[in-house]
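What follows is a set of notes on a single structure, which appears directly below.
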Amino acid sequence: MHVVLKKSLRRVLIVSAIGIGLASCQGTNSNDVDTPAAGGSACDGTQEFCDALTVIQERCVSCHSGVHMGWGAFTTEAQWTSSGRVVAGAPSSSTLIVRLRNHSTSGDMPPAGAIPDDEYRTLIDWVSGI
Amino acid sequence: MVQTPAKGRARYSRCVYGLAISFLILACGVLRPGQVQAYPNYITYGYKNCGGCHYNPFGNGPLTDYGRVVAATEIAEDYFISNGTDEGMEKLAESSMFLGGLANNSTPLRPAINYRGLGYFTEAGFRSVLMDASASLAAGFMEDEKLTIVLQLAYSPKEGLSGMDQFRSRESYVGYKINDHFGVYAGLMDKAFGIRVPDHIAFSRIFTRNAQDDQVHGVLLHYTSEQYEIGIQPFLGNMLQDSQIRHKGVSAIVEHAVGERIMAGGSGVVSMSDVTTLVATAGHVRLGYGEGHALLSELGGSVLISDVADRVSLYALVQNFWKIRRGIYGLLTLEHGMVDTSAESFQAVVGPGIQYFPMQRVEYRLDGYYRFNQTGNGDWAISSQLHFWL
Numbered sequence: 007m008h009v010v011l012k013k014s015l016r017r018v019l020i021v022s023a024i025g026i027g028l029a030s031c032q033g034t035n036s037n038d039v040d041t042p043a044a045g046g047s048a049c050d051g052t053q054e055f056c057d058a059l060t061v062i063q064e065r066c067v068s069c070h071s072g073v074h075m076g077w078g079a080f081t082t083e084a085q086w087t088s089s090g091r092v093v094a095g096a097p098s099s100s101t102l103i104v105r106l107r108n109h110s111t112s113g114d115m116p117p118a119g120a121i122p123d124d125e126y127r128t129l130i131d132w133v134s135g136i
Numbered sequence: 005m006v007q008t009p010a011k012g013r014a015r016y017s018r019c020v021y022g023l024a025i026s027f028l029i030l031a032c033g034v035l036r037p038g039q040v041q042a043y044p045n046y047i048t049y050g051y052k053n054c055g056g057c058h059y060n061p062f063g064n065g066p067l068t069d070y071g072r073v074v075a076a077t078e079i080a081e082d083y084f085i086s087n088g089t090d091e092g093m094e095k096l097a098e099s100s101m102f103l104g105g106l107a108n109n110s111t112p113l114r115p116a117i118n119y120r121g122l123g124y125f126t127e128a129g130f131r132s133v134l135m136d137a138s139a140s141l142a143a144g145f146m147e148d149e150k151l152t153i154v155l156q157l158a159y160s161p162k163e164g165l166s167g168m169d170q171f172r173s174r175e176s177y178v179g180y181k182i183n184d185h186f187g188v189y190a191g192l193m194d195k196a197f198g199i200r201v202p203d204h205i206a207f208s209r210i211f212t213r214n215a216q217d218d219q220v221h222g223v224l225l226h227y228t229s230e231q232y233e234i235g236i237q238p239f240l241g242n243m244l245q246d247s248q249i250r251h252k253g254v255s256a257i258v259e260h261a262v263g264e265r266i267m268a269g270g271s272g273v274v275s276m277s278d279v280t281t282l283v284a285t286a287g288h289v290r291l292g293y294g295e296g297h298a299l300l301s302e303l304g305g306s307v308l309i310s311d312v313a314d315r316v317s318l319y320a321l322v323q324n325f326w327k328i329r330r331g332i333y334g335l336l337t338l339e340h341g342m343v344d345t346s347a348e349s350f351q352a353v354v355g356p357g358i359q360y361f362p363m364q365r366v367e368y369r370l371d372g373y374y375r376f377n378q379t380g381n382g383d384w385a386i387s388s389q390l391h392f393w394l
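Residue numbers (my numbering), protein chains in the order written: chain A, 7 to 136; chain B, 5 to 394.
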């Protein structure tokens, strides 16, 4: 009986150890905002892109990190376009832009209320010029 | 006298910080030490520490068998089983075991499932988001469950992700209790810091990087006695994160029982990555009063240092629970946060909520949040959580 218990305990421990390794998936969290664009070094890109990135960092990344997708990790234009949220030259097809104003004067993002018009314009100027 | 909005907001800030500070002083200086274990508010039932009811010594995550009994006999509604008799209460306690006690002796496994969602209002109406649906498996081995294993896997769907990328674990660790006082836990866990409120968007959790996904791989050294509870946790960060931004460091928490139902504590964390360094500290009080009521208060701040600029953040949290009747608890959260003290801006939250245990094994929590900033602009959001354990 004791031997059986020992064996089953060992089995559970081995399975659990493997499980712990596998289950500890995904490494996105609050540290995602610590990208060079957010606090390490100057933005690497056009002035339009850097201005837009500042708006995104200030308005979006506080929620869009970790479980809501680590937008802080997108620090280049190429990363934004390959993410599918930005379509080069087409603000009206870019979900990043559309969801800010898809209801008359505001959008369903950010949840706390519309971003100012000048910041909205900054994003459009960037995407239009890609 | 006419109260201007600016004066009203300044008054709110003073009020939240004032309340937080006064509770800290009250607990640290005025009240005398006394004899002195879930949610931090269960101190009102005399449970000063979390480790009696949860496998994790600082709370959160799956319940131990003892925690199941407490939930069934003290916390949740009971319409059918106990009939208010002693014999009935024993039957209620027995029924709280895994699968009603049917499998308790044949397996050490304790599975549970959880759901967390967020709802908010927009011009287009109400929207809802599935934040997290998770399953956990806890197991205790040896006498008094000295050796424990906890595994958790959560489904957290995100736009643009598919397959296994939508899954993550927030708790996966092995623990060993050396004796009644000391324990060692290793694996992926929350950091030992402050009051572990379930509101992962609270300033006290965000500013100190203890939010929903901020668990770290590390070792937690835990000590508990009648008067003190101490945790020291060196950590390597989330090992699956890019090493350049992964924060490595140490966190610590000390709690002291200064009264029959009062715990006062302090915590600190120092961590750094290649890009930033974070130093955070907080003082807190958990206080139980009346018949099932509780008050939680935390005051803290953090400094985030980077090559470009340093940022100092401050926050205050006051949360009150009151027992409406067994099974139903009302709560009110007041929060104030300044993410950058050099800017003249702040965010504040007034959050009424309700926590309902319609029966043992089931918990429902609904939190409303009115968030506003220095401009006076604000909005409502609602979050709801549903927890089951088998």
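Glycine included, every Cβ here is placed at the ideal spot set by N, Cα and C. Please read all numbers here as calculations on a predicted model, not as lab measurements.
{"query": "Bridge partner(s) assigned by DSSP for B:His297", "result": "B:Tyr293"}
{"query": "Nearest-angstrom Cα separation, counted from B:Phe62 out to A:Ala44", "result": "Confidence at A:Ala44 is low in this model, with a pLDDT of 44, below 50, so the placement of that residue should be treated as unreliable; the coordinate-derived value is given next. Taking the straight line joining both Cα atoms gives about 32 Å."}
{"query": "The region 210-229 of chain B touching the region 174-194 of chain B, judged by at least three CB pairs closer than 8 Å", "result": "yes"}
{"query": "Cβ neighbour criterion (16 or more within 10 Å) applied to B:Tyr333", "result": "buried"}
{"query": "A:Leu28 versus B:Ser86: straight-line alpha-carbon distance, rounded", "result": "Confidence is the limiting factor: at A:Leu28 the pLDDT is only 49, short of 50, which leaves the residue's position unreliable, though a coordinate-based value still follows. Rounded to the nearest angstrom, the two C-alpha atoms are 42 Å apart."}
{"query": "Chain B within 8 Å of A:Ser36, Cβ atoms only", "result": "yes"}
{"query": "Proximal chain B residues relative to A:Asp40, where beta-carbon distance stays under 7 Å", "result": "Ile249, Ser277, Val279 and Thr280"}
{"query": "Closer than 8 Å to chain A by CB, B:Asn242", "result": "yes"}
{"query": "Chain B contact for A:Ala29 (CB, 8 Å cutoff)", "result": "Note that A:Ala29 scores a pLDDT of 48, beneath 50, so its modelled location is shaky; the value from the coordinates is reported in the next line. It does; some Cβ of chain B falls within 8 Å."}
{"query": "Nearest candidate by alpha-carbon position, reference B:Arg114, set B:Glu91, B:Glu94 and B:Ser140", "result": "B:Ser140"}
{"query": "Top-ranked residue by Cα proximity to B:Arg365, from B:Leu282, B:Thr68 and B:Thr152", "result": "B:Thr68"}
{"query": "Within chain A, partners of B:Arg213 - CB distance below 8 Å", "result": "Asn35, Ser36 and Asn37"}
{"query": "B:Gln245 at chain A interface by Cβ criterion, 8 Å", "result": "yes"}
{"query": "C-beta contact flag for B:Ala196 and B:Gln231 at 8 Å", "result": "no"}
{"query": "Opening and closing residue of the alpha helix (DSSP H) in which A:Ile103 lies", "result": "Thr101 to Val104"}
{"query": "Distance, A:Gly95 Cα to A:Ile136 Cα", "result": "5 Å"}
{"query": "Same chain, Cβ closer than 7 Å to B:Phe145, five either side skipped, listed in chain order", "result": "Pro112 and Leu151"}
{"query": "Close Cβ partners of A:Gly72 (< 6 Å) along its chain, the five nearest in sequence each way excluded", "result": "Residue confidence for A:Gly72 is low, a pLDDT of 49 falling below 50, so the modelled location carries little weight; the figure read from the coordinates is stated next. Once the five neighbours on either side are set aside, the close Cβ partners of A:Gly72 are Thr34 and Asn35."}
{"query": "Three-state secondary structure assigned by DSSP to B:Ile236", "result": "strand"}
{"query": "Best match in B:Gly357, B:His340 and B:Val154 for proximity to B:Phe350 [C-alpha to C-alpha]", "result": "B:His340"}
{"query": "Simplified DSSP assignment, three categories, for B:Gln3", "result": "What is shown of chain B runs 5 to 394, which leaves residue 3 of chain B out entirely."}
{"query": "A:Met115 vs A:Arg105 beta-carbon contact at 8 Å", "result": "yes"}
{"query": "Below-8 Å beta-carbon distance, B:Asp218 vs any chain A residue", "result": "yes"}
{"query": "Exposure label - B:Tyr374; buried when at least 16 CB within 10 Å", "result": "exposed"}
{"query": "Beta-ladder partner(s) of B:Leu282, from DSSP", "result": "B:Ser275 and B:Leu308"}
{"query": "N-terminal and C-terminal residue of the alpha helix (DSSP H) that B:Lys95 is part of", "result": "Asp90 to Ser99"}
{"query": "Alpha-carbon to alpha-carbon, B:His204 and A:Ile121", "result": "24 Å"}
{"query": "Selected residue, minimal CA-CA separation from A:Val67, among A:Thr81, A:Glu54 and A:Phe55", "result": "A:Thr81"}
{"query": "Whether B:Val220 touches B:Phe239 by CB criterion (8 Å)", "result": "yes"}
{"query": "Beta-ladder partner(s) of B:Ile153, from DSSP", "result": "B:Ala143 and B:Val178"}
{"query": "The region 153-160 of chain B contacting the region 173-187 of chain B, beta-carbon criterion three pairs below 8 Å", "result": "yes"}
{"query": "Minimum Cβ-Cβ distance from B:Cys54 to chain C less than 8 Å", "result": "Any reference to chain C falls outside this structure, whose protein chains are A and B."}
{"query": "B:Thr337 - containing alpha helix (DSSP H), residue span", "result": "Element bounds for B:Thr337: not the alpha helix (DSSP H) but the beta strand (DSSP E), Ile332 to Met342."}
{"query": "Among B:Ala347, B:Leu336, B:Pro362 and B:Arg369, nearest to B:Pro356 - alpha-carbon criterion", "result": "B:Leu336"}
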